[in-house]
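For reference, the structure discussed in these notes is given below.
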Ligand SMILES: NC(=O)c1ccc[n+]([C@@H]2O[C@H](COP(=O)([O-])OP(=O)(O)OC[C@H]3O[C@@H](n4cnc5c(N)ncnc54)[C@H](O)[C@@H]3O)[C@@H](O)[C@H]2O)c1
């Protein structure tokens, strides 16, 4: 469906790793809707090769950057403005990684060096992205910045580990920075809280298969897919959502407001 929702808009998309990535789907959808943009990921992720396929498909240059490194971010934004021919209209922050999860450290046995690194990558990098954009006046008025999050920021999911704390911090940044970006530059900042999605990061969470099936049975509309998340994100980048800012927006088929579903009751009912 081509609505040309992003025609004439310039963007930067962080976090496309492979075809499963939510950022990958956002890039494909943004391209379909007429946007031009650059793609960025860590130098290692860029070297892995698959990003070049997306780059060719969307005619989007790749600029390697570690999102925890302010100098790298400055370079991403200045190069993007140069390559795209003007200031930026939309940015996607689709970045997450927990070393405690990766190395199997339980939440009650956190390794604090891992915690600090994971927090820098998954949460503080969002502040860094916003601060560099803000200081360099890199965004056009009515621009839109979106970061992806998960409901473990509000409710406990035991195996989500320290990512729950990182997401709570990330969502708070959207509110706090969103105030200044709205007031002084007319730019909106939001987080989208997405259903469990089978991606490299998603599948890294212990017990993911059982959990995604549970979420599917709990959600009146079923889990939201990566493609559906891309549609919603593009809507948030478009001019149709100009007054939405400082929000955490649930995109989860109704999971977050469901106490229990008939399917889950049935699973626990003795005949
Ligand atoms: N998959 C899910 O179930 C789910 C649900 C809700 C929210 N999210 C969020 O969606 C976002 C995207 O994750 P995904 O599920 O598409 O998985 P993914 O593994 O495809 O994407 C994560 C990305 O983060 C990048 N990254 C890691 N360290 C980085 C750094 N230092 N600098 C720049 N980039 C870095 C990785 O290279 C990768 O591209 C994350 O914020 C994740 O927490 C995912």
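In my numbering, the protein residues as written are 8 to 278.
Backbone N, C-alpha and C define an ideal beta-carbon position, used for all residues, glycine too.
query	result
Taking C-alpha atoms, which residue in 67, 203, 191 lies nearest to residue 86?	67
Just verifying my parser: in three-state terms, what is the DSSP assignment at residue 70?	coil
What is the rounded straight-line gap between the Cα of residue 33 and the Cα of residue 180?	22 Å
Helix or strand or just coil, what does DSSP make of residue 264?	helix
Three-state secondary structure (DSSP) at residue 62?	helix
In whole angstroms, what separates the C-alpha of residue 217 from that of residue 101?	24 Å
Select from 80, 47, 94, 226 the residue whose C-alpha is nearest the C-alpha of residue 71.	47
So, do the region 259-266 and the region 219-233 have three or more beta carbon pairs nearer to each other than 8 Å?	yes
Starting from residue 100, follow the beta strand (DSSP E) in both directions and report where the run begins and ends.	95-100
The alpha helix (DSSP H) spanning residue 225 covers which residue range?	215-225
The beta strand (DSSP E) spanning residue 43 covers which residue range?	43-47
From which residue to which residue does the beta strand (DSSP E) around residue 20 run?	17-21
Would you report the Cα separation of residue 235 and residue 142, rounded to the nearest angstrom?	33 Å
Can we say the region 144-152 touches the region 107-123, given the rule of at least three CB pairs closer than 8 Å?	no
According to the neighbour-count rule (16 or more other Cβ atoms, all chains shown, within 10 Å of its Cβ), is residue 201 buried or exposed?	buried
Taking 8 Å as the line, does the beta carbon of residue 174 fall inside it for any heavy atom of ligand 1?	yes
Since residue 41 contacts residue 14 with CB under 8 Å, what's their CB separation in whole angstroms?	4 Å
Check for me: the beta strand (DSSP E) holding residue 82 runs from which residue to which?	No beta strand (DSSP E) holds residue 82; the alpha helix (DSSP H) holding it covers 77-91.
With H, G and I counted as helix, E and B as strand and the rest as coil, what does DSSP make of residue 146?	strand
Since residue 96 and residue 22 are thought to touch, with beta carbons under 8 Å apart, how far apart are those beta carbons, to the nearest angstrom?	Their Cβ separation, rounded to whole angstroms, is 18 Å, which puts residue 96 and residue 22 out of contact at 8 Å.
Based on the DSSP output, what are the partners of residue 196 in its beta bridges?	152
Among 54, 53, 49, 60, which residue has its Cα nearest to the Cα of residue 35?	60
Are residue 62 and residue 207 closer than 9 Å when you measure CB to CB?	no
Counting along the chain, where does the beta strand (DSSP E) carrying residue 258 start and finish?	255-258
Taking its Cβ as the centre, do 16 or more other Cβ atoms sit within 10 Å of residue 178, making it buried, or is it exposed?	buried
Tell me whether residue 161 sits in a helix, a strand or coil according to DSSP, three-state version.	coil
Quick check: the Cα distance between residue 74 and residue 194, rounded to an integer number of angstroms?	21 Å
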